[in-house]
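What follows is one structure encoded as structure tokens, with my remarks underneath.
Number of protein chains: 2
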Amino acid sequence: MKKNNGLGQSTIVFKNKPRIESYYSMVGKKEGQGTFKKYFDCILNDDLCGQKSFEVAEREILERTILGALDKNNVDLSDIDFMIGGDLLNQIISSSFSARHFETPFIGLYGACSTMCESIAIGAALVDGGYAKKTICATVSHFAAAERQYRTPLELGNQRPPVSQWTVTGSGCTILSNTNRGHYVSMATFGKVTDYGVTDANNMGAAMAPAASETLAEHFKDTGTCPDDYDLIVTGDLGKLGSEILRDLMEHRGYKLGTNYCDCGQMIFSRNQRTFQGGSGAGCSASVLNSYILKQMDAGVYKKVLFMATGALLSTVSTQQGETIPCIAHAIVIERGEENADDIS
Amino acid sequence: MKKNNGLGQSTIVFKNKPRIESYYSMVGKKEGQGTFKKYFDCILNDDLCGQKSFEVAEREILERTILGALDKNNVDLSDIDFMIGGDLLNQIISSSFSARHFETPFIGLYGACSTMCESIAIGAALVDGGYAKKTICATVSHFAAAERQYRTPLELGNQRPPVSQWTVTGSGCTILSNTNRGHYVSMATFGKVTDYGVTDANNMGAAMAPAASETLAEHFKDTGTCPDDYDLIVTGDLGKLGSEILRDLMEHRGYKLGTNYCDCGQMIFSRNQRTFQGGSGAGCSASVLNSYILKQMDAGVYKKVLFMATGALLSTVSTQQGETIPCIAHAIVIERGEENADDIS
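Just so you know, the protein sequences line up as chains P and G, in that order. Quick note: the first sequence, position 51, residue 51 per this note's numbering, numbers continuous. Quick note: the second sequence, position 210, residue 210 per this note's numbering, numbers continuous.
Next comes the structure, spelled out in structure tokens:
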């Protein structure tokens, strides 16, 4: 309670209710056949999105998602102060190349699959502090582009290990603003880089769960809340195994995660889609937040959501050099804007 | 003047004078023989820094630089709210792996060689807004690690083209705080991604100069200032050619850059060091800011400095796919803390 950033060292409390003015999600064909098919704003028929390479497709998906969010609630691009985001590709080319077309100041981030939360947390701080009126917060990932950068090109037809996850082809964009309508970001907990020594680059869930448990415990400690205070606690992409590990780790810390806990990666694909542990990628939590979760908040199903995206901060070089996998998790709390929530769906 | 973030859309004005509580720089052997050899806090004898690979050396340099900044003015690590930074390696492994050891919430950025400014701008906003008491802002680059990632391994002995620059092995760390001592960050201008269609990945100066001119012109417009209002206007690493292009571009925009304009990349190596256009890399502007520039401010030589780091946002994949090179430049204004500037040198 001594720290000046709200409550604890890791948690910022926003006093001016930075609002979610608009949001939009776009996913690939496979994701569009999964659990949340009714909730995505746009489902592609072609994962190349009409482009000549998967990398350019990823950029195209991000651009269309941002345009979708602007259009959906008639947000004028000239009112946007900052575009904040990143992606999984080396040098975050999807985000920075996209930013050319929006001609708005760009804040590039890298937080692997935690980027959606990182961008909303920074955007919320800029809006809350009066440094921005509106910010675009967006991220993207593409299965085929990620596979050939992090693992092997799909053309090789390599077998996937049972602990692996499937990088989501998808994107999500949240537009934050200083208006007084809509759901708002009430808190953000920035995570510490956590490394429990996992070296298996195929087992991201196991690597990321400790970082998730650190941030979650820190959030509860900082804010004096407990799991039951949230209608929904949702992690980014720990997958099935990773979210089971998180439940165990939290129990060791004295917090029992109940039925209000779930994981975007575990949920996004249906059982018969054979993705082993589920979805992953920066676009996984981004597309689920900006479809299912926010639409359920619109509908009044959830009133207070703790959304925590998780990221594995490895590179192919670090893995080849025998390094372990440091991970991170950032959390935000979104509360339902009761005034008008029904209008913005 | 209509925007709520201070002055214009791109520029934030800080009202609470986020202070530079400490700073530190560390460079490699070659850089330590250059122009600023008297100003760096630490010069390595061995660019491997006692490590087994250049990548691990880069991380080690960053960690030592951060520890150096903490030690220099007895800043307690437990008082640090956020570590903010990034580097040039894929997935910013130097920064995120380093962050493990500081056990403080980590905000990972990617802005290529503009990262030092990006981290200070975000850190200053978090401190100014009351979201943090103290932040570490740091970045690093390593010549050999960058060469083998972006171009070719040194072992191949490839010839360097005359328009090329030499990635600086070096790191800089600035610790911002909400105290009332020291120089302070008064403004930040976040840049827009700018692409004039340059495709030569060896000619970064030409690619980055347009982004620098965009941000500089935006800054002057937003703040109503002109080049003469600053004792020093210093770009990150445009190099010789790039800074000449910037002078030309600014003249076309109606701003004449005088003798108070210089470039870290152009200055860091001496003429006989054969680096063609000069230095580059995230560590170039970071090490020059956190040595020569801030020490000259301590000494009262400069009272108001506009520091603008520039970044080329390409990747090897984007270049191989025939893409042009989008670039970005972020600027901050540092003003001398007159109260006590002599004490903190």
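Beta carbons: idealized from backbone N, C-alpha and C, even for Gly. The model shown is predicted, which means the values in this text are computed figures rather than measured ones.
Original post:
With respect to the alpha helix (DSSP H) encompassing residue 246 (chain G), which residues constitute its N-terminal and C-terminal limits?
Top reply: As a working mapping, residue 246 (chain G) is identified with position 246 in the second sequence. Note, residue 246 (chain G): alpha helix (DSSP H), 239-252.
Original post:
Where does residue 62 (chain P) sit, in a helix, a strand or coil, going by DSSP?
Top reply: Residue mapping note: residue 62 (chain P) aligns to position 62 of the first sequence, counting from 1. It is helical.
Subject >> Minimum Cβ-Cβ distance from residue 251 (chain G) to chain P less than 7 Å >> reply: As a working mapping, residue 251 (chain G) is identified with position 251 in the second sequence. Output row for residue 251 (chain G): interface = no.
Original post:
Could you give the uninterrupted runs of the alpha helix (DSSP H) lying entirely in the region 20-73 of chain G, keeping only those of 4 residues or more?
Top reply: 54-72
**OP:** Enumerate in chain order the residues of its own chain whose CB-to-CB distance from residue 111 (chain P) is below 7 Å, with the five nearest sequence positions on each side excluded.
**Re:** To locate residue 111 (chain P), count along the first sequence from 1; it is residue 111. Here the set comprises 86, 118, 311, 328, 330.
Original post:
With a CB to CB cut of under 6 Å and the five nearest residues on each side skipped, what residues in its chain are close to residue 342 (chain P)?
Top reply: In the first sequence, counting from the first residue as 1, residue 342 (chain P) sits at position 342. Caution applies to residue 342 (chain P), whose pLDDT of 49 falls short of 50 and renders its modelled position unreliable; the value that the coordinates give is listed next. Around residue 342 (chain P), the same chain offers no residue with a beta carbon nearer than 6 Å, after the five sequence neighbours per side are excluded.
Original post:
Just by C-beta distance, which residues in the region 82-106 of chain G are closer than 9 Å to chain P?
Top reply: 82, 83, 86, 88, 89, 90, 91, 92, 93, 95, 96, 97, 98, 99, 100, 101, 102, 103, 104, 105, 106
Original post:
Which residues, taken in chain order from the region 7-22 of chain P, show a beta carbon closer than 7 Å to some beta carbon of chain G?
Top reply: 9, 10, 12
Original post:
Whose Cβ in chain G lies nearer than 9 Å to the Cβ of residue 321 (chain P)?
Top reply: Position 321 of the first sequence, counting from 1, holds the residue named residue 321 (chain P). Simply 52, 53, 55, 56.
**OP:** Closer than 7 Å by C-beta to residue 92 (chain G): which residues in its own chain qualify, once you throw out the five before and the five after it? Chain order, please.
**Re:** As a first step, residue 92 (chain G) is located in the second sequence; it is residue number 92 there, counting from the start. These residues qualify, in order along the chain: 86, 108, 110.
Original post:
So with Cβ pairs under 7 Å, would you call residue 313 (chain P) a contact of chain G?
Top reply: By one-based count along the first sequence, residue 313 (chain P) stands at place 313. Output row for residue 313 (chain P): interface = yes.
Subject >> DSSP-derived helix/strand/coil call for residue 199 (chain G) >> reply: Taking the second sequence and counting its residues from 1, one reaches residue 199 (chain G) at position 199. Correct three-state label for residue 199 (chain G): coil.
Subject >> Cβ-Cβ separation, residue 298 (chain P) to residue 357 (chain P) (assumed contact under 8 Å), whole Å >> reply: This structure cannot speak to residue 357 (chain P), because chain P is shown only from 1 to 345.
**OP:** Round the Cβ separation of residue 21 (chain G) and residue 176 (chain G) to the nearest angstrom and send it over; I've been treating them as touching at under 8 Å.
**Re:** In the second sequence, the residue the question calls residue 21 (chain G) occupies position 21. In the second sequence, the residue the question calls residue 176 (chain G) occupies position 176. Their Cβ separation, rounded to whole angstroms, is 7 Å, which keeps residue 21 (chain G) and residue 176 (chain G) in contact under 8 Å.
Original post:
Residues in the region 291-317 of chain P with C-beta within 8 Å of chain G's C-beta atoms, listed in sequence order?
Top reply: 313, 314, 315, 316, 317
Original post:
Tell me, which residues are paired with residue 232 (chain P) by DSSP?
Top reply: Against the first sequence, residue 232 (chain P) aligns to sequence position 232. Beta-bridge pairing links residue 232 (chain P) to P:305.
Original post:
Going along chain G in order, which residues have a C-beta closer than 7 Å to the C-beta of residue 193 (chain P)?
Top reply: Here residue 193 (chain P) refers to the residue found at position 193 of the first sequence. 96, 99, 100, 106, listed in chain order.
Subject >> Residues sharing a beta bridge with residue 315 (chain P), DSSP >> reply: The sequence position of residue 315 (chain P) within the first sequence is 315, counting from 1. Residue 315 (chain P) pairs with nothing; no bridge assigned.
Original post:
Quick check: the region 270-288 of chain G against the region 22-33 of chain G, are there 3 or more CB pairs under 8 Å?
Top reply: Verdict: yes, contact present.
**OP:** Give every residue of the same chain whose Cβ lies closer than 6 Å to the Cβ of residue 16 (chain P), excluding the five residues on either side of it in the sequence, and list them in chain order.
**Re:** Here the question's residue 16 (chain P) lines up with position 16 in the first sequence. Within the same chain, residue 16 (chain P) has close Cβ partners 128.
**OP:** Look at residue 365 (chain P) and residue 140 (chain P) and say whether their C-beta atoms are less than 7 Å apart.
**Re:** Residue numbering for chain P in the displayed model covers 1 to 345; residue 365 (chain P) lies beyond these limits and cannot be assessed.
Subject >> Among G:198, G:132, G:237, nearest to residue 113 (chain G) - alpha-carbon criterion >> reply: For the purposes of this step, residue 113 (chain G) is taken as residue 113 along the second sequence, with counting starting at 1. The residue with the shortest Cα to Cα distance from residue 113 (chain G) is G:237.
Original post:
From residue 71 (chain G) to residue 77 (chain G), what distance separates their C-alpha atoms?
Top reply: Translated into positions along the second sequence, residue 71 (chain G) becomes position 71. Translated into positions along the second sequence, residue 77 (chain G) becomes position 77. The straight-line gap from Cα to Cα measures roughly 9 Å.
Original post:
Do you know offhand how far residue 334 (chain G)'s Cα is from residue 184 (chain G)'s?
Top reply: Counting from one through the second sequence, the residue named residue 334 (chain G) turns up at place 334. Counting from one through the second sequence, the residue named residue 184 (chain G) turns up at place 184. Approximately 6 Å, taken between the alpha carbons.
**OP:** Rank P:131, P:45, P:43, P:216 by C-alpha distance to the C-alpha of residue 12 (chain G) and give the top, closest one.
**Re:** Numbered from 1 along the second sequence, position 12 holds the residue referred to as residue 12 (chain G). Checking every option, the nearest Cα to that of residue 12 (chain G) belongs to P:131.
Original post:
Do the region 314-329 of chain P and the region 284-299 of chain P meet, that is, are 3 or more Cβ pairs less than 8 Å apart?
Top reply: In short, these stretches do not touch, since the Cβ pair count stays below three.
Subject >> Whole-angstrom distance between residue 229 (chain P) and residue 302 (chain P), CA atom to CA atom >> reply: As a first step, residue 302 (chain P) is located in the first sequence; it is residue number 302 there, counting from the start. As a first step, residue 229 (chain P) is located in the first sequence; it is residue number 229 there, counting from the start. Distance between the alpha carbons of residue 302 (chain P) and residue 229 (chain P) is about 12 Å.
Subject >> Closest Cα partner of residue 99 (chain P) within the set P:39, P:66, P:162 >> reply: Within the first sequence, the letter at position 99 stands for residue 99 (chain P). Considering only alpha carbons, the answer is P:66.
Subject >> N-terminal and C-terminal residue of the alpha helix (DSSP H) that residue 140 (chain P) is part of >> reply: The sequence position of residue 140 (chain P) within the first sequence is 140, counting from 1. Per DSSP, residue 140 (chain P) belongs to no alpha helix (DSSP H); it is in the beta strand (DSSP E), 134-141.
Original post:
So, is residue 90 (chain P) buried or exposed, given that buried needs 16 or more other C-beta atoms within 10 angstroms?
Top reply: The sequence position of residue 90 (chain P) within the first sequence is 90, counting from 1. Per the 10 Å Cβ criterion, buried.
Subject >> Beta-carbon neighbours of residue 332 (chain P), restricted to chain G and to distances below 7 Å >> reply: Along the first sequence, read from residue 1 onward, the residue named residue 332 (chain P) stands at position 332. Within 7 Å Cβ-Cβ: nothing; residue 332 (chain P) doesn't reach chain G, min ~13 Å.
Original post:
Would you say residue 142 (chain P) and residue 60 (chain P) are within 7 Å of each other, going by their C-beta atoms?
Top reply: Reading the first sequence from its first residue, position 142 is the one you call residue 142 (chain P). Reading the first sequence from its first residue, position 60 is the one you call residue 60 (chain P). The answer is no: Cβ separation not under 7 Å.
**OP:** With DSSP collapsed to three states, give me the class of residue 261 (chain G).
**Re:** Looking up residue 261 (chain G) in the second sequence gives position 261. Strand.
Original post:
So which residues of chain G does residue 143 (chain P) contact, with C-beta pairs closer than 8 Å?
Top reply: Residue 143 (chain P) sits at position 143 when you count from the first residue of the first sequence. Simply none; closest approach about 16 Å.
Original post:
In chain order, what residues of the same chain have a beta carbon less than 7 Å from the beta carbon of residue 74 (chain G), not counting five sequence neighbours either side?
Top reply: As a position in the second sequence, residue 74 (chain G) is number 74, starting the count at 1. Excluding positions up to five away in sequence, the list is empty.
**OP:** Could you list which residues in chain G have their beta carbon closer than 8 Å to that of residue 326 (chain P), in chain order?
**Re:** Here the question's residue 326 (chain P) lines up with position 326 in the first sequence. Ordered by position in chain G, the residues that pass the 8 Å Cβ test against residue 326 (chain P) are 96, 97, 99, 100.
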